[in-house]
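Report on one structure; see the data block that follows.
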Amino acid sequence: GAAVAVAEAEAAPPLPMAGGVAAVAEVLPAAAVALPPAALPLLDLWSVLPGGRVTGQVFGKPGIRDGTRINTARVVEGVTPSAGSTLRTISGSNYILGEACPGVGG
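Just so we're aligned, residue 30 is where the sequence shown starts under my numbering, counting upward by one.
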């Protein structure tokens with residue numbers, strides 16, 4: 030049980046070193062060390078405005094309090110906003126789209 034797992038963990042050889050830093054990527058599966066795409070801010074409860082802009086509550090955008098309603102710059106031409114997709118604006122901002130506002134397609 031747990032005592033065996035602890036004893037095995039204590040007896041495990043040290044992690045390989047690469048440039049003085051433990052080579053964790055060599056020990057853990059790739060999925061355990063990959064950065065999530067959620068590094069992009071989330072735009073939730075969003076809707077499309079006239080003129081090709083999108084409005085919604087933003088989360089994870091530096092300098093803006095989570096839950097603040099924002100209006101984006103115009104969406105890049107040819108992009109149709111949909112829930113779960115990445116939204117790119119002409120100003121270069123990128124957002125992950127959460128749920129659309131109720132009654133709005135997405």
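Just so it is clear, CB atoms sit at the ideal spot from N, CA and C, and this is done for glycine as well. Note that the coordinates shown come from a computational prediction; the quantities given were computed from them, not determined experimentally.
Query, Result
"Could you check where the beta strand (DSSP E) with LEU72 kicks off and where it finishes?", "71-77"
"Strictly by DSSP, which residues pair up with ALA129?", "TRP75"
"So who's on the other strand from VAL108, going by DSSP bridges?", "According to DSSP, which records beta bridges pairwise, VAL108 is partnered with nothing at all."
"Here's the rule I'm using: 16 or more other beta-carbon atoms within 10 Å means buried, otherwise exposed. How should VAL108 be labelled?", "exposed"
"Less than 6 Å between C-beta atoms, sequence neighbours within five positions excluded: which residues of the same chain meet that for CYS130?", "LEU74, SER76"
"Give me the Cα-Cα distance between LEU72 and GLY89, rounded to the nearest whole angstrom.", "9 Å"
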